[in-house]
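Read in order, the letters of the sequence shown are residues -9 to 244 in the working numbering. The block underneath contains the structure these notes are about, expressed in structure tokens.
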Amino acid sequence: MAPRDVRFPVEQLQLFDAHQGLLGTLRQAAKQAENVALIVENKPILMYFADIERVLLAVAPSRLEQICQDANIVIQVKKIGDHPEWKQHAKAQMDSCLWQFAIWTSQGRLPNDLNVNQPISLHSWPNITRLAYIPDAMRLSAFLTKSPVSLPMTYKMIRVELTDLLNFISACHVTNLIRMTSATSAGVTASATVGLGSQGQQQTVHTTANHSASQQVSENENQVTQAAPVASPARPKQQPSSMLQRLLKKLTGK
-9 MAPRDVRFPV EQLQLFDAHQ GLLGTLRQAA KQAENVALIV ENKPILMYFA
41 DIERVLLAVA PSRLEQICQD ANIVIQVKKI GDHPEWKQHA KAQMDSCLWQ
91 FAIWTSQGRL PNDLNVNQPI SLHSWPNITR LAYIPDAMRL SAFLTKSPVS
141 LPMTYKMIRV ELTDLLNFIS ACHVTNLIRM TSATSAGVTA SATVGLGSQG
191 QQQTVHTTAN HSASQQVSEN ENQVTQAAPV ASPARPKQQP SSMLQRLLKK
241 LTGK
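Here you go:
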């Protein structure tokens, strides 16, 4: 079998806006101090209770995945007050929701506010056992908590699938785990052009080629071990229909 090509496939790289759609709306809701419901087509899909930092999912995960993949979806945000009868059912953590929504939204693309050549690291390990499964997430976490490394160098040294790498970076980005380092200090030497999705828009990105960074990366790679498989989290249970009916009437005024 021919050895795997470790050249970063910059020509395949696509970008997405992590501030739009359901993912972007939930990120905004997470910054608010008020309880809110997110409504699609006059039906609540989730509620966020800011005081306990928990989310109540009002539709099936398959529906949420579908909404995440629709960049043009219209989402209403409505304040809902306290409502302890709903709050008691809110079990999902905000970071867990953002992590999962990022995977569903990214689909192997990079957030357009990240530069592919910019060295990045992680502030801390993500709580992988409590988050949606991404292949090689443990190896990537170990690698990126050591020192800042560009995505092309990470791809070369860890040898993960591009989709898994970009899903992981997207999830870490929206959960505020990414620390970015000045590209200038890492020795930028070359540039390439990357397409933005299917619209054919172009964005200039760079490839890092710094000897000292490569040496540090090699040392990091020696310390990385293969992660054991992590089970996917259980899907949240759907709430009783009577509660959802009351919620729908309350939010829509019907």
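Every residue, glycine too, gets a C-beta built ideally from N, C-alpha and C.
Same chain, Cβ closer than 7 Å to residue i, neighbours up to 5 away in sequence not counted
| i | result |
| --- | --- |
| leucine 156 | Ser96, Gly98, Arg99, Leu100 |
| phenylalanine 158 | Ile124, Ala127, Leu130 |
| isoleucine 248 | Residue numbering for the chain in the displayed model covers -9 to 244; residue 248 lies beyond these limits and cannot be assessed. |
| tryptophan 94 | Glu55, Cys58, Gln59 |
Proximity of residue i and residue j at Cβ, strictly below 8 Å
| i | j | result |
| --- | --- | --- |
| proline 125 | threonine 165 | no |
| alanine 8 | serine 111 | no |
| valine 251 | lysine 68 | Absent from the model: residue 251. The displayed extent of the chain is -9 to 244, so no value can be given. |
| phenylalanine 133 | lysine 77 | no |
| leucine 121 | histidine 163 | no |
| threonine 171 | glutamine 83 | no |
| leucine 28 | leucine 88 | no |
| histidine 113 | leucine 167 | yes |
| leucine 308 | asparagine 102 | This structure cannot speak to residue 308, because the chain is shown only from -9 to 244. |
| glutamine 18 | alanine 61 | no |
Outcome for residue i when other beta-carbon atoms lying within 10 angstroms are tallied against a minimum of 16
| i | result |
| --- | --- |
| proline 34 | buried |
| glycine 71 | exposed |
| alanine 48 | buried |
| asparagine 32 | exposed |
| proline 138 | buried |
| alanine 92 | buried |
| aspartate 85 | buried |
| alanine 23 | exposed |
| serine 140 | buried |
| alanine 50 | exposed |
is_contact[residue i, chain B] using C-beta, thresh 8 Å
| i | result |
| --- | --- |
| valine -4 | The structure shown contains no chain B; it is built from a single protein chain. |
Any non-hydrogen atom of the ligand ATP closer than 7 Å to residue i Cβ
| i | result |
| --- | --- |
| proline -1 | The ligand ATP is not part of this structure, which contains no ligands at all. |
Cut-off 8 Å between Cβ atoms - residues of its own chain near residue i, not counting five sequence neighbours on either side
| i | result |
| --- | --- |
| tyrosine 145 | Val(-4), Phe(-2), Leu152, Leu155 |
| glutamine 66 | Leu28, Ile29, Val30 |
Just to confirm the assignment: which complete beta strand (DSSP E) runs, minimum length 3, are found wholly within the segment 69 to 132?
Counting only runs of 3 or more, we get 110 to 112.
When you compare the segment 73 to 87 with the segment 40 to 48, are there three or more beta-carbon pairs, one atom per stretch, that lie closer than 8 Å?
They touch, by the three-pair rule.
For a minimum of 4 consecutive residues, which ranges assigned as the alpha helix (DSSP H) are wholly contained in the segment 19 to 76?
Complete alpha helix (DSSP H) runs here, min 4: 51 to 58.
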